[in-house]
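Undergrad:
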Amino acid sequence: MLFNWLRGVGRYLELEDIWKIYGDQVILKNINIGVEKGEFFVLIGPSGSGKTTLLKIIAGLEEPSKGFVKLNSAVINDYPPHKRNLGVLFQRPALFPHMNVYENIAFGLKLRGWSRQDIDRRVKEMLETVRLDPSKYLYRTPEKLSGGEQQRVALARALAPDPDILLLDEPLSHLDYLLRKEMIYELKRLHRELRKTFFYITHDQWEGMMLADRIAVIYKGSIQQIGSPKEIYERPANLFVASFVGDNNLFETRVVNGKLYVPDLEIFVDPGDELDEYNEFSNKQIYIFIRPEKIQIKKYEVDGEGKGLCGYVVDKIYTGSLSYLRVKVNSAEILVRDAEEKYMLNEKVCISLPENLTMVVE
Amino acid sequence: MNKLSLVLKKIFRVYPLQIFKDPLYLVIGIASIYIIIFLYLPIIVSITKILAQGISVDIVMSSLPVLWRSFVIALISTAISIAIAIPISYSLSFYLKDKEKIIVSVLIIAPYWVGTLLKMYSLAYLLLILENITNQRILYTETSLYLGMIYNYTPLAIIPIYLAMERIDRIYIDSARILGAKTLDLIFRVVLPISYPGLISGFVLVFTGSLGEMIVPQVLLGSPRYMLGQWIYELTFTFRRFGDASLLSLLYLILTLVVLGYVSRRNGAREIIL
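See below:
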C-alpha cells in the first residue's frame, strides 16, 4: 500500500478484484476499477448486470465476497457506511416522508454534530446549488414537490455533508425526457463547480456518454472495457460493447483465402494487419462493425462505377436532430445516417463502407 | 344508518338464491348480523338496564379511585409493553431473513393462542419459584401485576409495530445509513417516525385491552377490587347490581372511545385503524 503510494499508482477510489457470490450465483466477478479524484466515472450496463450491487459494495451496504475497496489507498472494507463519508443518490429520491426539505437536507449535518447556524447556512447554500429557491422550498414536505424537485432535494441532501465521492444509481431513470435532459446538464455543471468525484451508474448509454470522463462497461458481472467515451465508441473491446454502446451495423465474417468475406453483403473486405493471427482453421469468429455515420450514401446511377453496394431504402427513421435510413443490401439491412434527407422509401441507393473497419474477435 | 338501510334493502330485494350466487351479499349479511348481535345488542341491553334503575352518582363517585388506578396501571404497562416491543420488532424486521421472520412471528403470536387464565397461573407458579430463590415477595404485589400485564399484552404491541416496520421502504434505511446514521440514530430518527402509525395502533390495542383487564389482577394480585374489570365483575356476579355494572361498563367504553378519539384525531384515523 505504502509502496503504491510512493509510486503514485494508487487511484482515489480503487476496487481490487471484487467478487460477489450469492449461493451458487456469481453476481460480480473480478472487478478492477480505479477512479481518479475529481473524475466523472460512469458504469454502464444492462439491467441485471450487477451495477447496483457494486454500488452497494462501495457504499458499504453490502460486503464483497472477496476483494478490496480502497479509498485514498486505505482499505475501507470494514468501514460501516456512516464512516465512509460518501453521498448517494438513488433511483428514487427517497426523501424522508416525515421531514420537510430543510430537515431532509440537514439530516446528515445534524448527525455530524454541526451547529444550528452552520446547518441553516449550509442548507440554504445547498438549495441554491441545486437551483431551488430556499425561500420557497425550505419548509415544504416531500409530497408537495414534483419528481424533479424531489430528486434535486435528494441531491442537495447527499451533497450537504461534503462527501468525498458522490455515488449516483440511475438517478434520472424515473424522470421524464425533458427533466432528464435538464438534469444531465445540471449534473455536469455541478461536477464542474464542486470538483467532486462522481461515480455514476446507468443502463442508458447516451446518458453515460454525455456525462462521463471515463466509462466502464459491465455485463453479466464482469467489466468488459474501461476507457473514455470516444475509446468505447470507436474501439470497443468486444462484441457486447460494440452492440451495447451506440447504434451499430454488425456483420459476421469468414476467412477465405486469406481475405475476409462478409456473407451477408457478399463482399470481401480489407482485413488490415489484424488478420495475420487468424486463418481459416482458427475457431475464433471475426466480426466487423460499422457505425451508421461512417457510411457514405449516394443515389444509384446506372452508369456509375457499379462497384459499390447497392440496395433499397426499406425504412426511414427521423429523430429530429438526426435521421437514419435502413438500406437492404443483399440479405443484410444496414443502418445509415442520412445527412441530406433527400432519399425516398424504396429508392435505390448505393453505399460505400469506410476504409478502416473496426474488428472484434470473439 | 342510511348506509345500513341501503345494504339491507339490497339484501332483501334480491331473489333469495341470489345470495348464494353472489358471495358479497352473504358476507355483508353475516357481517351486519354479527355486528348487531355481538356489538350493539349488549350495549343496548346495558343502557336499558341503566335506564330501568336510574343513574346513580354514588356508584360512579365511589368507583373513581378504581377507575383512576386502572387508567394509571394500563398507561404504565402499555408504555413498558411498547418499549419492549420496539427493539423486538426492529430486530425481527431488520435482521432476520424472510423464512426466519415467519418462524419467529409465529413463536411471538403462539402464546396468544393459550388462554389468559392458564398463562397467568403458569406465571404465578414461576413467580413462586422465583420467590423461593430470592426470598422476596413478588407474587400478589403490583410488580407481579405489571409483569402479568406486560407478559399478556406485549405480543399485541409487537404485531402492528412489526408490520409498520416491514412496510418501511428499505431505501430510506440505506439513505440514512450513508448520510451517517448509526443504529440508534436510524431507530429514533428514521424507523420510529416512519412507523409511527404502527406505534399508535399498538398503543390503542394494548391500552384498551389492559384498561378493562380482569383475569390478570385477579390471579396475580388477589385483591378483588383493584382494577375496573374486576370491580364490574364483582358488581355483576357477587352483588348482582346489574344497573351499576352496566353504568361502569358504559363509562369504560366512553373512556376508551375518548382515548381512541384523541389519539386518532392527532394522528389521522385512517392510518391507525389499518
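Just so you know, the sequences run in chain order A and C.
Position 322 of the first sequence, counted from 1, bears residue number 376 in the numbering used here, the numbering being contiguous throughout.
Position 197 of the second sequence, counted from 1, bears residue number 210 in the numbering used here, the numbering being contiguous throughout.
Every residue gets a Cβ at the ideal spot worked out from N, C-alpha and C, and that includes glycine.
1. At what residues does the alpha helix (DSSP H) containing G161(C) begin and finish?
2. Please name the residue, chosen from P173(C), L273(C), I72(C) and A189(C), that lies closest to K137(A) on a Cα-to-Cα basis.
3. Can you give me the C-alpha to C-alpha distance between L140(A) and S104(C), rounded to a whole angstrom?
4. Beta carbons nearer than 8 Å to chain A: which residues of the stretch 172 to 200 of chain C have them?
5. Do you know offhand how far V79(C)'s Cα is from R279(C)'s?
6. Please return the same chain residues whose Cβ sits closer than 7 Å to the Cβ of I344(A), not counting the five positions on each side in sequence.
7. Taking the C-alpha atoms as reference points, what is the distance between A148(A) and N158(A)?
8. Answer yes if the stretch 124 to 134 of chain A comes into contact with the stretch 194 to 204 of chain A, meaning at least three C-beta pairs across the two stretches below 8 Å, and no otherwise.
9. Per DSSP, what kind of secondary structure is I285(C) in: helix, strand or coil?
10. Alpha carbon to alpha carbon, how far is F84(C) from L244(A)? Give it in angstroms, no decimals.
11. Output, in chain order, the set of chain C residues within a Cβ distance shorter than 7 Å of H228(A).
12. Return the CA-CA distance between M55(A) and G121(A), expressed in angstroms with no decimal places.
13. Between I200(C) and the ligand SAH, is there a pair consisting of the residue's CB and a ligand heavy atom that are separated by less than 8 Å?
14. Quick one: does K352(A) have its CB under 9 Å from some CB of chain D?
15. Relative to the C-alpha of I184(C), which residue among P173(C), L199(C), I163(C) and L273(C) is closest?
16. With distances taken between CB atoms, is the gap from V316(A) to I342(A) smaller than 9 Å?
17. Is there at least one Cβ from chain A nearer than 9 Å to I43(C)'s Cβ?
18. Which bits of chain C does P151(A) rub up against, with CB to CB less than 7 Å?
19. Interface residues of chain A around V203(C) at Cβ under 7 Å?
20. Less than 9 Å between the beta carbons of P118(A) and K83(A), yes or no?
21. Using the three-state DSSP reduction, which class does A270(A) fall into: helix, strand or coil?
22. What's the gap between the Cα of I238(A) and the Cα of E261(A)?
23. Verify the CB distance criterion: does D71(A) have a CB-CB separation below 9 Å to chain C?
24. How would you list, in chain order, the residues of chain C whose beta-carbon sits under 7 Å from the beta-carbon of A113(A)?
25. G365(A) CB to nearest chain C CB: under 9 Å?
26. Taking the continuous beta strand (DSSP E) assigned at E306(A), which residues delimit it?
27. Shorter than 9 Å from the beta carbon of K338(A) to some beta carbon of chain C?
28. Could you check where the beta strand (DSSP E) with E406(A) kicks off and where it finishes?
29. Since T269(C) contacts T221(C) with CB under 8 Å, what's their CB separation in whole angstroms?
30. Does any residue of chain C bring its CB to less than 9 Å from the CB of H136(A)?
31. Measure the C-alpha to C-alpha separation of D174(A) and V80(A) and round it to an integer number of angstroms.
32. Can you tell which of L234(C), L233(C) and S262(C) has its C-alpha closest to the C-alpha of Y246(C)?
33. Within the stretch 89 to 150 of chain C, note down every full alpha helix (DSSP H) run reaching 4 residues or more, in order along the chain.
34. Excluding the 5 residues flanking L192(A) on each side, which residues of the same chain have their C-beta closer than 8 Å to its C-beta?
35. Taking a cut of 8 Å between CB atoms, which residues from the stretch 88 to 100 of chain A lie near chain C?
36. Using only CA atoms, which one of N311(A), A291(A), T307(A) and Y287(A) lies nearest to D301(A)?
TA: In short:
1. Annotation for G161(C): the continuous alpha helix (DSSP H) segment containing it runs E155 to R180.
2. K137(A) has its Cα closest to that of A189(C), out of P173(C), L273(C), I72(C) and A189(C).
3. When rounded, the distance between both Cα atoms is 26 Å.
4. So the list reads D182, I184, Y185, D187, S188, A189, R190, I191, L192, G193, A194, K195 and D198, given in the order they occur along the chain.
5. For V79(C) and R279(C), the distance between alpha carbons rounds to 28 Å.
6. Counting only Cβ-Cβ distances below 7 Å, and skipping sequence neighbours, we find N303, L407, P408 and L411.
7. Between A148(A) and N158(A), the C-alpha separation is close to 10 Å.
8. Not touching, per the Cβ criterion.
9. In this predicted model, I285(C) has a pLDDT of only 46, less than 50, meaning its place in the structure is not dependable; the value taken from the coordinates is given anyway. Here I285(C) carries a helix assignment [DSSP, helix/strand/coil].
10. When rounded, the separation of the alpha-carbon atoms in L244(A) and F84(C) is 58 Å.
11. Within 7 Å Cβ-Cβ: nothing; H228(A) doesn't reach chain C, min ~12 Å.
12. With a pLDDT of 45 at M55(A), under the threshold of 50, the modelled position of this residue cannot be trusted; read the value that follows with caution. Here the alpha carbon of M55(A) sits roughly 14 Å from the alpha carbon of G121(A).
13. Judged by which ligands are present, the structure shown has none, so any question about the ligand SAH falls away.
14. Here chain D cannot be found, since the structure's protein chains are A and C.
15. Of the listed residues, the one whose Cα sits closest to I184(C) is L199(C).
16. Contact: yes.
17. I43(C) does not count as touching chain A.
18. Identification of chain C residues near P151(A) by a Cβ-Cβ cut-off of 7 Å yields I207, ordered along the chain.
19. Neighbours of V203(C) on chain A, chain order: F150.
20. Judged by their CB atoms, P118(A) and K83(A) are not nearer to each other than the 9 Å cut-off.
21. In the three-state reduction of the DSSP assignment, A270(A) falls in the strand class.
22. I238(A) and E261(A): Cα-Cα distance of roughly 7 Å.
23. No, D71(A) lies away from the interface with chain C (no Cβ there is under 9 Å from its Cβ).
24. Per Cβ cutoff of 7 Å: I191.
25. Not one chain C Cβ lies under 9 Å of G365(A).
26. Taken as a continuous stretch (DSSP letters only), the beta strand (DSSP E) holding E306(A) covers N303 to V310.
27. Residue contact with chain C for K338(A): absent (no Cβ-Cβ distance below 9 Å to any residue of chain C).
28. Going by the sequence as given, residue 406(A) is Ser instead of Glu. Per DSSP, S406(A) belongs to the beta strand (DSSP E) from K402 to S406.
29. Yes, they are in contact, since the Cβ atoms of T269(C) and T221(C) sit about 5 Å apart, within 8 Å.
30. A Cβ of chain C is located within less than 9 Å of the beta carbon of H136(A).
31. Going from the Cα of D174(A) to the Cα of V80(A) covers about 46 Å.
32. The option with the nearest alpha carbon to Y246(C) is S262(C).
33. With a minimum length of 4 residues, the continuous alpha helix (DSSP H) runs that stay inside the stretch 89 to 150 of chain C are 111 to 122 and 129 to 147.
34. The beta carbon of L192(A) sits closer than 8 Å to those of N154, V155, Y156, V177, K178 and L181, all from its chain and outside the five residues before and after it, given in chain order.
35. Cβ contacts with chain C: none found.
36. Residue Y287(A) is the option with its Cα nearest to D301(A).
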